[in-house]
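One structure is given here, and the rest of the page talks about it.
Protein chains: 2
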Amino acid sequence: MKDGPDIARIASLIGDPARANMLTALMAGAALTASELALEGGVTLPTASSHLAKLIEGGLLTVTAQGRHRYYGLAGPQVASMLEAIMGVAAGVGPKRARPGPREPAMREARVCYDHLAGEHAVKMMDTFLARDILVRDGQEIRLGPNGASHFIAIGIDMERLGPSRRPVCRDCLDWSVRRSHLAGQLGAAILDKILAEKWARREKDSRVVTFSQKGRQAFEKAFLEV
Amino acid sequence: MKDGPDIARIASLIGDPARANMLTALMAGAALTASELALEGGVTLPTASSHLAKLIEGGLLTVTAQGRHRYYGLAGPQVASMLEAIMGVAAGVGPKRARPGPREPAMREARVCYDHLAGEHAVKMMDTFLARDILVRDGQEIRLGPNGASHFIAIGIDMERLGPSRRPVCRDCLDWSVRRSHLAGQLGAAILDKILAEKWARREKDSRVVTFSQKGRQAFEKAFLEV
DNA sequence: TCAATGCTTTGATGGAGATCGAACTATGAA
DNA sequence: TTCATAGTTCGATCTCCATCAAAGCATTGA
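As you go down the protein sequences, you meet chains A and B in turn. All the letters of the first sequence, read from the start, carry residue numbers 40 to 266 under the numbering used here. All the letters of the second sequence, read from the start, carry residue numbers 40 to 266 under the numbering used here.
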């Protein structure tokens with residue numbers, strides 16, 4: 040007994056429906072205010088405030104105060120990865136494969152995961168990068184391959200801005216819908232930025248779903264899948 | 040709201056201390072009886088029985104009845120991976136990096152994770168395999184590399200027995216202590232079997248810790264790290 | 001200084017669920 | 001059959017914690 044880390048502590052934090060909904064909302068990547076999260080969690084402000092305090096105490100969330108607003112966000116990519124892993128199990132062993140839910144198909148195809156792209160498109164992209172040695176695995180780490188940097192520059196990713204930071208440039212994240220890895224980290228975030236900036240796709244309002252336009256999808260495939 | 044899988048449901052299952060201890064105990068790989076799990080969880084038999092019923096209902100555990108014994112085990116490698124992921128976050132953001140605990144250093148070095156080896160040694164081994172193209176990544180999947188099969192046969196792993204099964208031969212699992220991947224799947228299990236069969240290392244009683252002997256460690260390094 | 005907005009704290013309430021003793025069922029052994 | 005062991009079910013208790021209304025701070029703007 041008492042082996043390893045205190046898993047019950049953090050699991051019970053996620054185990055409350057209101058908190059789980061808040062965390063799920065934050066998977067969309069944007070930091071949200073307490074009022075917004077109260078709405079997501081389906082509780083009143085005082086209740087939400089109490090939940091948020093616990094999530095911070097538990098190390099799952101961080102706050103940044105800006106004037107009279109306080110923005111809450113996931114404490115880091117590690118937390119996001121863990122949440123996706125739990126989603127994977129929940130989706131797999133769920134209560135008899137219940138109704139897939141209206142938005143689920145779209146979510147499987149493309150969605151925002153914290154700050155990068157997830158879903159089938161993202162997994163295919165990751166596969167391509169690895170197959171072409173644009174990215175290479177080094178244990179759990181992922182690094183730029185031999186011709187990686189030049190490739191991303193050619194596509195129009197500003198590699199200069201992925202400067203020195205504690206956050207790794209590349210990182211993988213387990214996809215709950217497809218159960219395969221997709222690209223996270225600074226580069227993953229930059230690619231999502233690019234896709235949205237070029238208007239190849241747009242984010243659905245109040246959702247993590249990402250919808251590609253006809254032309255946008257072609258441009259995306261040309262840039263990232265047909266290398 | 041109500042996006043994606045029901046994460047709160049399964050997180051709350053893990054969130055109870057008694058259940059969390061049971062699950063952690065099952066990470067050692069062996070299926071245990073209800074009485075043994077009651078002991079692990081620190082509760083009486085009736086309480087444990089109720090917990091176990093919930094864990095099965097939730098899809099995290101499976102039972103196999105044998106005479107008057109009922110053996111409980113993790114529902115699959117997916118569940119084991121998820122638990123390790125949670126441990127990762129719990130270890131990282133834990134309450135002020137509390138006392139590391141007596142057994143923790145040994146756990147970091149080498150331990151059993153469900154049915155394969157985890158810890159620093161396992162991570163180094165995985166790195167070597169990938170660096171030498173004995174194993175190769177293909178997205179989230181891991182496959183045998185060009186000279187992979189022959190290499191394992193030379194070492195003495197019976198590749199024939201890793202026959203057709205729904206379970207993948209190779210799989211990666213995120214290590215909570217080192218936060219890097221190690222090898223799971225049928226091959227990971229076979230390698231652990233080999234290590235124990237050759238008596239290069241032995242399992243500590245009532246623990247997940249794996250201790251290498253002086254000579255065993257050399258043999259292990261020769262076989263798996265100096266390829 | 002006053003009012004308005006955003007959020008936290010306090011206190012009271014209620015409900016869910018963890019717990020155990022005791023009774024019950026099932027398997028195996030004598 | 002009878003006893004013993006393994007496990008589940010039932011019922012009662014009790015504790016924890018999620019919840020919200022109301023009051024308290026803090027920041028912004030007039």
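Every residue gets a Cβ at the ideal spot worked out from N, C-alpha and C, and that includes glycine.
Original post:
Does any CB atom of chain A fall closer than 7 Å to the CB of Gly-54 (chain B)?
Top reply: Yes, its Cβ sits closer than 7 Å to a Cβ of chain A.
Subject >> Alpha carbon of Ile-95 (chain A) to alpha carbon of Ala-119 (chain A), nearest angstrom >> reply: Roughly 15 Å separates the two Cα atoms.
Original post:
Which residues in chain B sit within 7 Å of Pro-44 (chain A), going by Cβ to Cβ distance?
Top reply: Chain B residues near Pro-44 (chain A): Met-126, Ala-129, Ala-130, Gly-133, Trp-215.
Subject >> Distance, Glu-159 (chain B) Cα to Arg-247 (chain B) Cα >> reply: Per the coordinates, the alpha-carbon of Arg-247 (chain B) lies some 14 Å from the alpha-carbon of Glu-159 (chain B).
Original post:
Does the beta carbon of Ser-51 (chain B) come closer than 7 Å to any beta carbon on chain A?
Top reply: So, interface residue.
Original post:
Got a sec? Which residues, its chain only, sit under 6 Å from Ala-223 (chain A) by beta carbon, not counting five neighbours each side?
Top reply: Only Pro-116, His-155, Arg-210, Cys-212 meet the Cβ criterion.
Subject >> Three CB pairs or more closer than 8 Å across the region 46–54 of chain B and the region 58–72 of chain A >> reply: Yes, the region 46–54 of chain B is in contact with the region 58–72 of chain A.
Original post:
Comparing the C-beta of Arg-138 (chain A) with each C-beta of chain B, is any distance below 7 Å?
Top reply: For Arg-138 (chain A), the pLDDT reaches just 43, beneath the cut-off of 50, and the residue's location in the model is therefore unreliable, although a value from the coordinates is still provided. Any Cβ of chain B closer than 7 Å to the Cβ of Arg-138 (chain A) would place that residue at the interface, and such an atom is absent.
Original post:
Which residues bound the alpha helix (DSSP H) around Leu-156 (chain B)?
Top reply: In the DSSP assignment, Leu-156 (chain B) falls outside any alpha helix (DSSP H) and within the unbroken beta strand (DSSP E) covering 155–157.
**OP:** Please determine, among A:Val-128, A:Glu-79, A:Tyr-153, A:Ala-87, the residue with the shortest C-alpha to C-alpha distance to Leu-113 (chain A).
**Re:** The option with the nearest alpha carbon to Leu-113 (chain A) is A:Tyr-153.
**OP:** With Phe-191 (chain A) as the anchor, note down where its beta strand (DSSP E) starts and where it stops.
**Re:** From DSSP, Phe-191 (chain A) is part of no beta strand (DSSP E) but of the alpha helix (DSSP H) over 187–194.
Subject >> Classification of Asp-172 (chain B) by the beta-carbon crowding that lies within 10 angstroms, buried from 16 upward >> reply: With fewer than 16 Cβ atoms within 10 Å of its Cβ, Asp-172 (chain B) is classed as exposed.
Original post:
Going along the chain, which residues of the region 51–83 of chain B sit with their C-beta nearer than 7 Å to a C-beta in chain A?
Top reply: Under the 7 Å Cβ criterion, the region 51–83 of chain B contributes Ser-51, Ile-53, Gly-54, Asp-55, Pro-56, Ala-59, Asn-60, Thr-63, Glu-79, Gly-81.
**OP:** Return no unless some Cβ of chain A is closer than 7 Å to the Cβ of Leu-169 (chain B).
**Re:** Cβ-Cβ to chain A under 7 Å: yes for Leu-169 (chain B).
Subject >> Supposed contact pair Asp-214 (chain B) and Ala-157 (chain B) - C-beta distance, whole angstroms, cut 8 Å >> reply: Right, their Cβ atoms sit about 5 Å apart.
Subject >> Ser-89 (chain B) versus Ile-194 (chain B): straight-line alpha-carbon distance, rounded >> reply: Distance between the alpha carbons of Ser-89 (chain B) and Ile-194 (chain B): 46 Å.
**OP:** Keeping to the same chain, check which residues put their C-beta closer than 8 Å to that of Ala-70 (chain B); ignore five residues upstream and five downstream.
**Re:** So the qualifying residues of the chain are Thr-103, Tyr-110, Tyr-111, Gly-112.
Original post:
Whose Cβ in chain B lies nearer than 8 Å to the Cβ of Ala-47 (chain A)?
Top reply: Here the neighbours are Ile-53, Gly-54, Asp-55, Pro-56, Arg-58, Ala-59, Asn-60.
Original post:
With 7 Å set as the bound, which would you pick, yes or no: does the beta-carbon of Pro-141 (chain A) sit closer than that to a beta-carbon of chain B?
Top reply: Residue placement at Pro-141 (chain A) is flagged as unreliable, the pLDDT there being 49, under the threshold of 50; the coordinate-derived value follows with that caveat. Not one chain B Cβ lies under 7 Å of Pro-141 (chain A).
Subject >> Against chain A: residues of the region 99–123 of chain B by CB proximity under 8 Å >> reply: Those would be Leu-99, Ala-114, Gln-117, Val-118, Ser-120, Met-121, Leu-122, in chain order.
**OP:** On the DSSP bridge assignment, give the partners of Ala-223 (chain B) in chain order.
**Re:** Answer is B:Arg-210, bridged to Ala-223 (chain B).
Subject >> Beta-carbon proximity of Ser-51 (chain B) to Gly-54 (chain A), cut-off 7 Å >> reply: Closer than 7 Å, so yes.
**OP:** Determine the direct distance from the alpha carbon of Ile-196 (chain B) to that of Gly-98 (chain A), and round the result to whole angstroms.
**Re:** Spanning the two alpha carbons is a distance of roughly 43 Å.
**OP:** Classify Arg-1 (chain A) as helix, strand or coil using the three-state DSSP reduction.
**Re:** Here chain A has residues from 40 to 266 only, and residue 1 (chain A) is not among them.
Original post:
Do you know offhand how far Met-164 (chain A)'s Cα is from Ala-129 (chain B)'s?
Top reply: Our two residues, Met-164 (chain A) and Ala-129 (chain B), have alpha carbons roughly 31 Å apart in a direct line.
Subject >> First and last residue of the uninterrupted alpha helix (DSSP H) at Val-118 (chain B) >> reply: Unbroken alpha helix (DSSP H) run through Val-118 (chain B): 116–131.
**OP:** Determine the DSSP secondary structure at Thr-83 (chain A), reduced to helix, strand or coil.
**Re:** Reduced to three states, the DSSP call for Thr-83 (chain A) is coil.
Original post:
For Arg-247 (chain A), does the three-state DSSP call read helix, strand or coil?
Top reply: If DSSP states are grouped into helix, strand and coil, Arg-247 (chain A) belongs with coil.
**OP:** Look at Ala-87 (chain B) and Ala-77 (chain B) and say whether their C-beta atoms are less than 7 Å apart.
**Re:** The beta carbons of Ala-87 (chain B) and Ala-77 (chain B) sit closer together than 7 Å.
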